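Student:
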Amino acid sequence: MPSNTIVERVAADLAKYPPFDKLAAEVLGELASSVSVSYHEEGELLFRKDDPLKGAAFMVMKGAVKLYDRIDGEEVLVDMYDEGDVFGVRAIFGGDGYLLYAQVAEESLIYDIPVEKIKALIAADAGVSMFFAGEFAKSVQEIERTLSSAFSLRRQGPTGPSCSSFLEHETLEVKPVVNVVTCPEDISVREAAVIMAECNIGSILVVSPEGHPRGIITDTDLRKKVVAVSGPVNERPVRDIMSSPVYTITGGKTVADMVMLMVKTKLRHFCITLDGTIDSPVRGIISEHDIITSEGNNPAVIMKEIMAADDVEQFKAERDKAENLLGTYMGQNVAVHFMTSIITEINDAIITRAIRTTIAALQAEGRPLPSVPFSWLSLGSEGRKEQLLRTDQDNALLYADPAGHEREAVREFFLELARRVTGMLEGAGFVRCPAEVMASNPKWCLPLSEWKSCFRRWIETPEPKAVMHSTIFFDFRPVYGDASLAGELKRDVFDSIARGRGFLEFFAKNALQNPPPLGFFRNFMVEKSRDHANEFDIKSRAMMPLADAARVLSYQLRIPEYFSTVERFQRIGELEPALSGLSLEAAAAYEFLMKLRALNGLEHSSSGRYIKPESLNKLDRQMLRNVFTTIGEIQQTLNLRFQLDYIRD
406 MPSNTIVERV
416 AADLAKYPPF
426 DKLAAEVLGE
436 LASSVSVSYH
446 EEGELLFRKD
456 DPLKGAAFMV
466 MKGAVKLYDR
476 IDGEEVLVDM
486 YDEGDVFGVR
496 AIFGGDGYLL
506 YAQVAEESLI
516 YDIPVEKIKA
526 LIAADAGVSM
536 FFAGEFAKSV
546 QEIERTLSSA
556 FSLRRQGPTG
566 PSCSSFLEHE
576 TLEVKPVVNV
586 VTCPEDISVR
596 EAAVIMAECN
606 IGSILVVSPE
616 GHPRGIITDT
626 DLRKKVVAVS
636 GPVNERPVRD
646 IMSSPVYTIT
656 GGKTVADMVM
666 LMVKTKLRHF
676 CITLDGTIDS
686 PVRGIISEHD
696 IITSEGNNPA
706 VIMKEIMAAD
716 DVEQFKAERD
726 KAENLLGTYM
736 GQNVAVHFMT
746 SIITEINDAI
756 ITRAIRTTIA
766 ALQAEGRPLP
776 SVPFSWLSLG
786 SEGRKEQLLR
796 TDQDNALLYA
806 DPAGHEREAV
816 REFFLELARR
826 VTGMLEGAGF
836 VRCPAEVMAS
846 NPKWCLPLSE
856 WKSCFRRWIE
866 TPEPKAVMHS
876 TIFFDFRPVY
886 GDASLAGELK
896 RDVFDSIARG
906 RGFLEFFAKN
916 ALQNPPPLGF
926 FRNFMVEKSR
936 DHANEFDIKS
946 RAMMPLADAA
956 RVLSYQLRIP
966 EYFSTVERFQ
976 RIGELEPALS
986 GLSLEAAAAY
996 EFLMKLRALN
1006 GLEHSSSGRY
1016 IKPESLNKLD
1026 RQMLRNVFTT
1036 IGEIQQTLNL
1046 RFQLDYIRD
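Position in the sequence shown (from 1) plus 405 gives the number in my numbering.
(1) In or out: GLU996 buried (at least 16 other Cβ within 10 Å) or exposed?
(2) Any idea what DSSP makes of CYS568, helix, strand or coil?
(3) If you count every other CB in all the chains shown that lies within 10 Å of the CB of ARG475, and 16 or more means buried, which is it?
(4) Out of THR587, PHE536, GLU603 and THR623, which one is the CA nearest neighbour of GLU1062?
(5) Quick one: what's LYS467 bridged to in DSSP?
(6) Would you please state the rounded distance, in angstroms, between the beta carbons of GLY785 and ASP880? I believe it to be under 8 Å.
(7) What would DSSP say about LEU958, mapped onto helix, strand or coil?
(8) Would you kindly report the start and end of the unbroken alpha helix (DSSP H) that includes ILE877?
(9) Out of curiosity, what's the CA-to-CA distance linking LYS799 and PRO839?
(10) Relative to the C-alpha of LEU989, which residue among ARG1002, GLU431, VAL971 and ILE609 is closest?
(11) Grab the span of the alpha helix (DSSP H) containing ASP418 for me, first residue to last.
(12) By DSSP's criteria, LEU782 is part of a beta bridge. Which residues make up the other side?
(13) Starting from CYS676, trace the beta strand (DSSP E) both ways and give me its first and last residue.
(14) Kindly identify the DSSP beta-bridge partner or partners of ALA994.
(15) Less than 7 Å between C-beta atoms, sequence neighbours within five positions excluded: which residues of the same chain meet that for PRO819?
(16) For PRO589, which of ILE606, PRO618 and GLY607 has the nearest alpha-carbon?
(17) What are the uninterrupted segments assigned as alpha helix (DSSP H) that are 4 or more residues long and contained completely in the segment 837-867, given in chain order?
(18) Here's the rule I'm using: 16 or more other beta-carbon atoms within 10 Å means buried, otherwise exposed. How should VAL545 be labelled?
(19) Among residues of its own chain, excluding the 5 on either side of ALA597, which ones have a beta-carbon nearer than 7 Å to its beta-carbon?
(20) For SER593 and chain C, any beta-carbon pair shorter than 8 Å?
(21) Can you tell me which residues form a DSSP beta bridge with GLN1027?
(22) Our contact map puts ALA759 next to MET829 with C-beta atoms below 8 Å; I'd like the distance itself, whole angstroms only.
(23) Taking 7 Å as the limit between beta carbons, can you name the residues of its chain near LEU962, skipping five residues before and five after?
(24) Checking 8 Å against the spacing of the C-beta atoms, do VAL585 and GLY689 come in under that value?
(25) Specify the secondary structure class of GLY907 as computed by DSSP and reduced to three states.
(26) I want to know whether the segment 487-494 touches the segment 432-445 - three or more CB-CB distances under 8 Å.
(27) Taking the beta strand (DSSP E) that THR623 falls in, what are its first and last residues?
(28) Which runs of the alpha helix (DSSP H), 4 residues or longer, sit entirely within the segment 424-462?
(29) Across which residues does DSSP place GLU578 in a beta bridge pair?
(30) So, are the CB atoms of ILE677 and ILE654 less than 8 Å apart?
(31) Along the chain, where does the alpha helix (DSSP H) containing VAL739 start, and where does it finish?
(32) Leaving out five residues on either side along the sequence, give the residues of the same chain with a beta carbon under 7 Å from the beta carbon of MET949.
(33) If ASP507 sits next to LEU450, beta carbons under 8 Å apart, how far is it from one beta carbon to the other, in whole angstroms?
(34) My output table needs one value for MET485: the three-state DSSP class, helix, strand or coil.
(35) When you compare only the Cα positions, how much space is there between SER959 and ILE711?
(36) Tell me whether MET873 is buried or exposed, calling it buried when 16 or more other Cβ atoms sit within 10 Å of its Cβ.
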C-alpha cells in the first residue's frame, strides 16, 4: 500500500486536471491510493496495436506520449498527449485490443488509474461520465481510419466510397492560432518561462525585431535544456536553448496537408508567415492539437467555441456540429446515456453563454443586473436532459422575491433578459414553444413566492389543465444562476404533494392516458392526421407513457435530484426492490426509444417524432413489441399502486 505522503502527492497532481479536479477530497484520496506511478524512458512502448487491453487508463503527469499507427511501413502520428492528458481509455469501454501504438515521446512519469475505479466514478459523477464519454467519442478508431484513408488517397488516388472520409479533409482548413505569443531573442530563459506561465501556453515563438520567426521554445525545451541541465541557465538568452530554424508555412492549409507534414517532419508546431518563409512576419501558429481537432467534431472543442461565441450564428454553427457529432456517435453505437450527457452539456453551455452575453449587453445599455439571485430553468425533455435533437423550447425563469419597491423593475429586467435569451435560442435552432411555455412569457418569469403559489394551485386543484402543466413544469432543472432557488422550490413541491391528498392519484391517472399501442403492428395505432397520416408517433405513444410513470413515482418517493427518465427508473429500482426488475426494463426501453427517435430525426432532418412503420427493420419491430409490453406492465403497476380503477374520470 502506498505511503500517505505518496497518496497525498498523487491526489494533489490529479486535482490539477479534469475530470478529477471537481472530485470531493475524500473521493480523490481514495482514487489516489489505487493509482500506480511508473517512470518510462524516451522511446519506450507502453502498448502495441492489438495488445490485450490493460486494467488501467493512463495519465501523463510529466513528459509526453504519442499514439500512432503504421501504414505501409510508415509511422502515422494520431495524437500527442502532454501533462494532464488521459489516454488508453478504450480499456474502460472494452474491446479486443488496442487500436494504436503508444510510445513515450520523452521521459515520462505516468499514473496508471485502475479501470474499475474509473467505472465507479463514471456511474457516480455526471462530470466524470461526460469527460470519459468525450474522450471515448473522439474515437481513435475513426482517426485511424481517417489517416489510413489519407495514405490510400495520396498513393493510389480515390477508389470509391471508402475514401469519402478523407476527401472531406482535402478541403477542411485547419484554424491556426492567430494571437501568437512571441518574445525577442535577447531576453532571458527565465523571462520567457514567466511569459509562458502567465499566458498559460506550452510554446513561445522567438522573433527578430522585424517579427520574423527565429526559433521556438516549448515546455519540452525547458525540461530538457533547463531543468535537466546543471549549472545556471535561467539568465542565458533564449537563443541559446530555442529550437531553430522554425518550420514555416503559408496559411490556408487543410487537415490533409498538415497530417502529411506531421508525418514527414515529425514536428509538433508549424509557424505561418506572410510568404511561408522564415524571412517574413509571423501570422499564426498550428500545433498537432489544432490539426487533430480541426473538424470540431469533438465535444471539448465545441464547448470551447460556444463559451467564446457572442452571436446567434456562432451558437447555431456549434449546435449544428453537435448534431453531426450525435450522428457520429450513433454510427459508433455509443451508449445513449453518454450521448445525452454530452448533448445536455452542450445545450446548457449555449443557454449559459446566451444569458451571459445578454446580461453584458443590458449592462452596456445602462441596465444593471438586479441584486436578487435568479435561476434559469429548463423544462420538459431538456429539463430531463433528454433533448438529443433540437425541439421546442420549454423554459422558465425563477428569481428571489425582491423588496416591494423594486418588484416591478426587477420583473421587467428579467422579462427583457428572458425575451432576448429565448430569441437567441430560437436563432440557434431551438424553435419557440407553440404554447408559449417559455421564460419570455410573463406567466413563467416569476419570483419564488409566485412559483410556489403556481405549484400549490396545480397540486391542490388537479384539474386537467393543471395536470398538463405538471407534466411539463415538474421536470424543471436549474441550468444557470442560483440553483438553491430551484432546490427550495422542489422541497416546497414535495411538501405540497404530501399535504394535497389525491394529487398523485390524479397525476398517475393522467399517466395512463396513453395506453401501450399493442395494435400498432396491425396498423391500428398510426396517426390519421393529414400531416402525419399512417406514421407512428413515438413520443406520445411510447416515450410519454414511460416518462409520465417515472415522474409520478419519483415525486411519490421524493427523489430530489434533477434526473432523466432513465435515471429516475434506476433510482426507483434502488428504492423499491419489488420494482427493481421492471424499472431496469423500463430504463432500457426508454433508452431504445430515444435512440430510435434520434436516428429517425437525423435521417429526415426533423424532431424524429413521427416514424414510418415500413422503415423499421425486423429487430426494431421486435424491440418495440418488448417496449409496449413493458409500458403495459408499468401502467398496470401504477393502476394497482394508486387504485386508479376507483377514481372517477
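Positions of the beta carbon are idealized from the N, C-alpha and C atoms, including for glycine. Since we're looking at a predicted model, the values are computed, not measured.
Tutor: Considering the structure as presented:
(1) buried
(2) Model confidence at CYS568 stands at a pLDDT of 34, short of 50, so the residue's coordinates are unreliable; what they give is reported in the following sentence. Helix at CYS568.
(3) exposed
(4) Given a span of 406 to 1054 for the chain in the structure shown, any question on residue 1062 remains unanswerable.
(5) LEU514
(6) 6 Å
(7) helix
(8) 869-878
(9) For clarity, residue 799 is Asp in the given sequence; the question names Lys instead. So the alpha carbons of these two residues sit roughly 10 Å apart.
(10) VAL971
(11) 409-419
(12) ALA801 and PRO883
(13) 674-678
(14) For ALA994, which the question treats as bridged, DSSP gives no partner whatsoever.
(15) A small correction: the amino acid at residue 819 is Phe; Pro does not occupy that position in the sequence shown. Excluding positions up to five away in sequence, the list reads PHE779, LEU802, TYR804 and CYS850.
(16) PRO618
(17) 853-865
(18) Bear in mind that the predicted position of VAL545 carries a pLDDT of just 43, short of 50, making it unreliable; the figure below should be weighed with that in mind. Burial call: buried.
(19) CYS588, ILE609, ILE622 and VAL643
(20) Looking at the structure shown, chain C is missing, and only one protein chain is on hand.
(21) Answer by DSSP bridge pairing: none, since GLN1027 is not bridged.
(22) 4 Å
(23) ILE977 and LEU980
(24) yes
(25) coil
(26) no
(27) 618-623
(28) 430-439
(29) THR659
(30) yes
(31) That residue, VAL739, is in no alpha helix (DSSP H); it is neither H nor E in DSSP.
(32) ASN919
(33) According to the sequence shown, residue 507 is Ala rather than Asp. Their Cβ separation, rounded to whole angstroms, is 7 Å, which keeps ALA507 and LEU450 in contact under 8 Å.
(34) strand
(35) 33 Å
(36) exposed
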